[in-house]
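J.: Quick one: the structure is below, questions incoming.
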DNA sequence: CCTTTAAAGTTAGTGTATCTAACATATGTT
DNA sequence: AACATATGTTAGATACACTAACTTTAAAGG
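Chains as they are written, first to last, in the working numbering: chain E, 1 to 209; chain Z, 210 to 418.
Next comes the structure, spelled out in structure tokens:
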């Protein structure tokens, strides 16, 4: 089993009890992550995060401008892990092989399902701040991992226009699949089809021709 | 141009001023729709809807259980129009032709972009109530429109397992595309590719073999 | 090592949101 | 006309986001 970056759900109290917390910023991000996962992006409150981190409700504002800023920071942390996982899931697989593409797809879906709170937070959790350059950069940086693999799989040296198109197709598909799967609508398919078969089918259709 | 169901943005005040509103339930749904479109699902407040509808902040609770119930009702109204549009967008196109599939895809994306508030509300606007049978039924009923066309396009009489798989692929793809396009990430493709070409390419890849 | 300064907490308070309770007014039935 | 019910109101309880003013701790310089 590949070692992937997990959010550590270790200790409950989440802090030491001292006037200064040590790293409250990180503590609040972790609290936010947990709560968003538990109650969803709606239903999250700064107050809850404070209770979980064991600080007063005014404390966050020394580290974040407002609630949305806190959510953005939490999304960025999640995307960081997501990126690491996307890279890690391919190690050992022969370069230029479709298996690497499939591994990426599997990992994308896994993250979307397993950390669905963060996933939803990223895509539609807040309406303002969508233009935050840190978010855009994080997204593109992950997409580039896919593009490199697609290029390599198509036998291209660089990321050509064709590579971008195919990569975009794959991303759209896997992204949509992630959303739909979570709403249990996989049952619409009859339920007898397995994810790997499905991903393989898609990779073949998009990468050939 | 096909007559499609539009949300009517006619008069500003949205009501007459009388103790009894006439149809406050519909009025609140319309107000909610507008506000969700304007400020996003986050950023929507019942109070705002009341102000827009011109009633007191307690009035909604005679028609809806709570805020989420109001949002669900608004989503259902939107999905109703979405369904009508999906059916309307195919009229005149030869039955069993891929053009009908493409029309469906175009219409799906159009709705997702043009009524992006409702779209996002449906997919991740609220964490509880995801199991509301009305939502599930509305979703399936729209998916069945797609399935019928896919069957017809593949020359099948009924909705076979194969038809479900292909339909599911198409839906995943178009759904993901809708999300990604809104975040302007279409620019990732170089920007020179047009939606119709893209949809056609996808339809071909998914429906052949 | 002591003093000063800035960082990172606190409590208290404001304004607004959701939702409930008690009350008021219209509507429709007999 | 009288009554019941549907549909609105005002007033208030509780919770949340955020700010201001104060306090404690850590860090830096002489």
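Every residue gets a Cβ at the ideal spot worked out from N, C-alpha and C, and that includes glycine.
1. Put residue 334 of chain Z into one of helix, strand or coil per three-state DSSP.
2. Is the beta carbon of residue 308 of chain Z less than 7 Å from the beta carbon of residue 302 of chain Z?
3. Where does residue 286 of chain Z fall in DSSP's three states?
4. Are the C-beta of residue 40 of chain E and some C-beta of chain Z separated by less than 7 Å?
5. Taking the beta carbon of residue 231 of chain Z as the centre, do at least 16 other beta carbons fall within 10 Å, making it buried, or is it exposed?
6. Would you decide whether residue 47 of chain E is buried or exposed? Buried here means 16 or more other CB atoms lie within 10 Å of its CB.
7. Rounded to whole angstroms, what is the Cα-Cα separation between residue 136 of chain E and residue 167 of chain E?
8. Inspect the beta-carbon positions of residue 75 of chain E and residue 122 of chain E and report whether they are closer than 7 Å.
9. Using the beta-carbon of each residue, which ones in chain E are nearer than 8 Å to residue 386 of chain Z?
10. In the stretch 93-104 of chain E, which residues sit with their C-beta less than 7 Å from some C-beta in chain Z, listed in chain order?
11. Give the residues of chain E in contact with residue 261 of chain Z, contact being defined as C-beta atoms less than 8 Å apart.
12. Could you check what DSSP says for residue 223 of chain Z in three-state terms: helix, strand or coil?
13. Residue 411 of chain Z versus chain E: which residues are under 8 Å apart at the beta carbon?
14. For residue 375 of chain Z and chain E, any beta-carbon pair shorter than 7 Å?
15. Hey, residue 333 of chain Z and residue 33 of chain E are a contact pair by Cβ (cut 8 Å); roughly how many whole angstroms apart?
16. Check the Cβ of residue 78 of chain E against every Cβ in chain Z and list those closer than 9 Å, keeping chain order.
17. If you follow the alpha helix (DSSP H) that residue 243 of chain E is in, where does it begin and where does it stop?
18. Taking residue 339 of chain Z as the query, report the chain E residues whose CB atoms sit under 8 Å from its CB, ordered along the chain.
19. Provide the residue span of the alpha helix (DSSP H) that contains residue 241 of chain Z, from first to last.
20. Does DSSP classify residue 403 of chain Z as helix, strand or coil?
21. Which residues of chain E have a Cβ atom closer than 7 Å to the Cβ of residue 255 of chain Z, listed in chain order?
22. Need the endpoints of the alpha helix (DSSP H) that residue 98 of chain E sits in, please.
23. Would residue 132 of chain E and residue 72 of chain E be called neighbours here (beta carbons separated by less than 7 Å)?
24. Give the interface partners of residue 495 of chain Z over in chain E, defined as CB-CB distance under 7 Å, in chain order.
25. Return yes when the Cβ of residue 305 of chain Z is within less than 7 Å of the Cβ of residue 204 of chain Z, no when it is not.
26. For residue 120 of chain E, would you say it is in contact with chain Z, using Cβ-to-Cβ distances shorter than 7 Å as the test?
27. When DSSP labels each residue in this structure, what does residue 408 of chain Z get in the three-state scheme?
28. According to DSSP, simplified to helix, strand and coil, what is residue 218 of chain Z?
29. Check the C-beta distance from residue 180 of chain E over to residue 384 of chain Z and give it rounded, since I have them as a contact under 8 Å.
30. Could you list which residues in chain Z have their beta carbon closer than 9 Å to that of residue 126 of chain E, in chain order?
31. Apart from the five residues on each side of it in sequence, which residues of its chain come closer than 8 Å, Cβ to Cβ, to residue 251 of chain Z?
32. Over what stretch of residues does the alpha helix (DSSP H) that includes residue 60 of chain E continue unbroken?
33. Could you work out which residues of chain Z lie near residue 206 of chain E, taking near to mean beta carbons separated by less than 7 Å?
T.: This is what the structure holds:
1. Residue 334 of chain Z falls in the coil class under three-state DSSP.
2. Their beta carbons are under 7 Å apart, which means residue 308 of chain Z touches residue 302 of chain Z by this criterion.
3. Note: residue 286 of chain Z maps to helix in three-state DSSP.
4. It does: the Cβ of residue 40 of chain E has a partner Cβ on chain Z nearer than 7 Å.
5. Exposed, since its Cβ has fewer than 16 Cβ neighbours within 10 Å.
6. The Cβ neighbour count for residue 47 of chain E, taken over all protein chains shown within 10 Å, is under 16; the residue is labelled exposed.
7. So the alpha carbons of these two residues sit roughly 17 Å apart.
8. Result yes, Cβ atoms of residue 75 of chain E and residue 122 of chain E sit closer than 7 Å.
9. 172 and 176, listed in chain order.
10. Taking 7 Å as the Cβ-Cβ cut-off against chain Z, none of the residues of the stretch 93-104 of chain E qualify.
11. Here the premise fails: no neighbours, minimum Cβ distance about 18 Å.
12. Reliability fails at residue 223 of chain Z, whose pLDDT of 47 lies under 50, so the model's placement of it is uncertain and the value that follows must be treated cautiously. Assigned with DSSP and collapsed to three states, residue 223 of chain Z falls in coil, not helix or strand.
13. The answer, in chain order, is 169.
14. For residue 375 of chain Z, the answer is no, since every Cβ of chain E falls outside 7 Å of its Cβ.
15. Incorrect: roughly 17 Å between the Cβ atoms, too far for contact.
16. Chain Z residues near residue 78 of chain E: none, gap ~15 Å exceeds 9 Å.
17. With chain E covering only 1 through 209, there is no way to say anything about residue 243 of chain E.
18. Those are 183, listed as they occur along chain E.
19. Element bounds for residue 241 of chain Z: 233-248.
20. Reduced to three states, the DSSP call for residue 403 of chain Z is coil.
21. Going along chain E, no residue has its Cβ under 7 Å from residue 255 of chain Z, so there is no contact; the nearest lies around 13 Å.
22. Looking at the DSSP string, the run of the alpha helix (DSSP H) that includes residue 98 of chain E is 98-114.
23. Yes; because the gap between Cβ atoms is below 7 Å, this pair is in contact.
24. No answer is possible for residue 495 of chain Z: it lies beyond the span of chain Z, which begins at 210 and ends at 418.
25. Chain Z is shown from 210 up to 418; residue 204 of chain Z falls before or after that span and cannot be answered.
26. Yes, because at least one Cβ of chain Z sits closer than 7 Å to the Cβ of residue 120 of chain E.
27. In the structure shown, residue 408 of chain Z falls within a helical segment according to DSSP collapsed to helix, strand and coil.
28. Below a pLDDT of 50, predicted positions are generally treated as unreliable, and residue 218 of chain Z, at 44, falls in that range; the measurement from the model is reported next regardless. In the structure shown, residue 218 of chain Z sits in coil (DSSP, three-state: anything other than H, G, I, E or B).
29. That pair is a contact at about 6 Å.
30. Taking a Cβ-Cβ threshold of 9 Å, the residues of chain Z close to residue 126 of chain E are 249, 251 and 252, in chain order.
31. If we look at residue 251 of chain Z and ignore the five residues flanking it on each side, it has no Cβ neighbours.
32. First-last for residue 60 of chain E: undefined, no H or E at that position.
33. For residue 206 of chain E, the chain Z residues whose C-beta falls within less than 7 Å of its own C-beta are 414, listed in chain order.
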